[in-house]
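Note that the sequence shown covers residues 1 to 627 in UniProt numbering.
Idealized CB from N, CA, C, for every residue including glycine.
Here the structure is laid out as structure tokens; the discussion comes afterwards.
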Amino acid sequence: MGDEPGPPLKKRRGGVQQRLQASALENAPSTSKLATHLLEEFALGKKPPQECQRLASLAVKDMTAAGVLLENIPVDLRKLSELGSGGRHLNNCYRDIMRMTCKIPSIPMPFSVNIPTKQGDETAGILLPHVMFASMYHHYRAAFGQYIMPGGEDALQEFWTTGKRMPQLANHPILRRANFEARCVPIALHGDEVPTVGRGKVWCKLSLLLSWFSVMAVGVPTLQAMNLIWAHAPQCAVEGPDGTVAVFMRIMKWSFSALFAGTWPRRDWRGVAYEPGSADANRAGEPLADGYFACLIGLCGDLDYCAKFLGHPRWSSHSEPCGLCRATFRGPLTWLNFSENAPWEGTQWTPETWARRPIRSTCPLFEMPGFTSIAVLPDYMHNKYLGYAQYLFGSVFWLLCFVHMAAAPLQNLRTLANFIMSFQNRHRPQHGERYPARTLRKLTMFVKKRDFPKLRGKAGQIRGLGDAMIAMWKRYGDLHTRDGIRIKLLLELSLQCDEILDSHSPADGYWALPPPNAAELVRKQRLLGQLYVQLSESYAAQEVRVFNMSAKLHYCLHSALWADKLHPHLAWCWRGEDLMGRISTLISSCVSGRTDVSATLKAAEKYGLACHYMWSAADGPRRLEGR
């Protein structure tokens, strides 16, 4: 009898107090700056949900004690204060905050997919680029204009004036698309490994982090310009053609292909047609963004990432150090030859010659029409400031401290540190940031036990040392010998290359260097390379281990050779490195009690919420319960 259906229950209106409370909720201010800030901090992993609830509860209590009526307290602040039954069940705070925010229909949701790991198939969360692109266009139009297409169609047309001549786009299908110059957004994929568990410890765990960005987003802050796709722990990955990274790259191939088509895909990433009547089937073939689409023009990252995950040649190899040409370390195609018309320059890969290679990368991304491994863009930041410049500056410090200055090496280093501090106090660095000269108190800042001298420091700090190094060598170095003069010229050429790039920066509207400036950059980069090789060989003959030869110097010349088509600053990884530090915090907040793979699903959910608040800021605050 108890199982028999009865009449529908009558909805209770509640008493006077309940109706007054409901009315107060309807009439109360909808948004609170504090609540928005707390939700942003939670979404980026900076604050746990329990802390957000506690701070919101304290704020509500303070407002009530100050005489603020219930109906005047913002709704979202009250909702935050009620998480976990008002703080009585703190373990439910995360569940409640996600239930509260899932009412926002515009938040991009992660794509759940089973990927192979060493523990078996596990569910991972991936923020698909074509879904993010469409979501931003339809729900956050102002953010789309600021972070994806700043400058509008006019800027797109200006970019493609030189961009369509990039070597990797030769015979690319985009060149046959009507009016692509005004409708196609150039995008790039950035990847690298970042510590997420045990950061700063010897036993730290790394995660492979991938993100995409619009090449047009010059001057846009990191979190707004870079869009997280996926993070994964390489120690859990399965190798092989059906391994973890290979499966992910197939999903990326499918998503970037949809972005290039500009329409919602008709099949899933496995090539299986969608079930009739499903949401995916109903929107299949519909435009993603009213005719706007995107073209993946480059892959960005340091050379270690490119070799490990993209199948690019290992840069330290003597037989095949470069993925953009057939140069070798020694022999007739040696990259040590920086002269004009060096033999290796005639062996630079094109899409056609690369496709005919018998042995090439098997990364699924290179199966997309017109997309080859020469789309791996040389990263000027890693190749110069975290590359040959560290060896250059470290060698200069070594020669000054151990050869040219009279005092003990450690005392000489302190003298040089004081000189740098004094110089940078009087002359602000023209490029980069101040080098923390106070850290130059130990010889291990540049002396290696078994390797060439290499100056420690962040990329921005190394970049900011250029003019100080010239002044320091003029003050304490040897300007009367051939090698001493070469070092002075080498330091000056390195700074002059920075000046050429900065004087025609993308921030000033230069998507590529004007031809005369590009030719001047190539000329100076050739001279720089020749001087570096001469110094390395000269000191090697004297059995002095300085000026290590790194193929990163060769990659810098590739950047210069392309500079009249794509500005090197558009491909460097400053923002990608910045994003990795921020996402590392987010992932670290998600790993407790979870496997490394399942933590990525939680991180993707939180990052989607963070995107909502970051993108909403472009067109003003929004109600918590949706648009």
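Which same chain residues, not among the five before or five after residue i, have their C-beta less than 8 Å away from its C-beta?
i           : result
residue 462 : 385, 386, 389, 390, 393, 432, 435 and 455
residue 477 : 396, 399, 400, 404, 484, 487 and 488
residue 332 : 343
residue 496 : 524
residue 91  : 84
Please check the pair residue i and residue j, which I expect to be a contact at CB under 8 Å, by giving their CB distance rounded to whole angstroms.
i           : j           : result
residue 226 : residue 364 : No, residue 226 and residue 364 are not in contact; Cβ-Cβ is about 23 Å, not under 8 Å.
residue 264 : residue 239 : At roughly 33 Å, the Cβ-Cβ gap does not stay under 8 Å, so residue 264 and residue 239 are not in contact.
residue 338 : residue 557 : 7 Å
residue 299 : residue 376 : 5 Å
residue 291 : residue 262 : 7 Å
residue 148 : residue 217 : 7 Å
residue 413 : residue 374 : Between residue 374 and residue 413 the Cβ distance is about 43 Å, and since that is not below 8 Å, they are no contact.
residue 502 : residue 222 : The pair is not a contact, with the Cβ atoms about 20 Å apart (cut-off 8 Å).
residue 327 : residue 315 : The Cβ separation is near 11 Å, so there is no contact.
Identify the residues that DSSP records as bridge partners of residue i: which are they?
i           : result
residue 448 : Per DSSP, none; premise fails for residue 448.
residue 206 : 195
residue 112 : 125
residue 296 : 187
residue 267 : 273
residue 120 : 117
residue 213 : 188 and 226
residue 232 : 208
Thinking C-alpha only, which one of the options is nearest residue i?
i           : options               : result
residue 380 : 357, 144, 66 and 573  : 573
residue 232 : 584, 618 and 613      : 584
residue 53  : 497, 77, 70 and 72    : 77
residue 416 : 142, 427, 475 and 451 : 475
residue 80  : 96, 409 and 68        : 96
residue 467 : 424, 554 and 505      : 424
residue 126 : 495, 440, 229 and 302 : 229
residue 602 : 587, 611 and 615      : 587
residue 549 : 68, 565, 136 and 530  : 530
residue 55  : 68, 86, 72 and 66     : 86
residue 618 : 42, 220 and 213       : 220
residue 93  : 340, 245 and 39       : 39
residue 132 : 429, 123 and 106      : 106
residue 411 : 440, 161, 148 and 320 : 440
residue 473 : 448, 420 and 262      : 420
residue 512 : 498, 499 and 563      : 563
residue 84  : 73, 98 and 209        : 98
residue 208 : 361, 598 and 309      : 309
residue 179 : 346, 293, 278 and 451 : 293
residue 49  : 589, 546, 537 and 596 : 589
residue 576 : 459, 547, 597 and 615 : 459
residue 519 : 246, 560, 142 and 205 : 560
residue 451 : 547, 533 and 362      : 547
residue 568 : 539, 612, 507 and 195 : 507
Taking all protein chains shown into account, decide if residue i is buried (16 or more other Cβ within 10 angstroms of its Cβ) or exposed.
i           : result
residue 112 : exposed
residue 623 : Model confidence at residue 623 stands at a pLDDT of 40, short of 50, so the residue's coordinates are unreliable and nothing is read from them.
residue 608 : buried
residue 318 : exposed
residue 275 : exposed
residue 57  : buried
residue 378 : buried
residue 211 : buried
residue 604 : buried
residue 480 : exposed
residue 69  : exposed
residue 74  : buried
Between which residues of its own chain and residue i is the CB-CB distance below 7 Å, once the five residues before and five after are set aside?
i           : result
residue 527 : 493
residue 372 : 168, 351, 354, 355 and 366
residue 284 : 264, 265, 266 and 274
residue 628 : Outside the modelled stretch of the chain, which goes from 1 to 627, sits residue 628, for which no answer is possible.
residue 109 : 608
residue 182 : 153, 156 and 157
residue 130 : 255, 258, 259 and 288
residue 517 : 500 and 504
residue 269 : 250, 251 and 254
residue 280 : 274
To which residues of the same chain is residue i closer than 6 Å at the C-beta, ignoring the five residues directly before and after it?
i           : result
residue 442 : none
residue 305 : 191 and 192
residue 555 : 378 and 383
residue 445 : 456
residue 330 : none
residue 189 : 212 and 299
residue 429 : 464
Verify the contact flag: residue i, CB atom, against every heavy atom of the ligand GDP, threshold strictly below 7 Å.
i           : result
residue 594 : The model on display carries no ligand, and the ligand GDP is accordingly not part of it.
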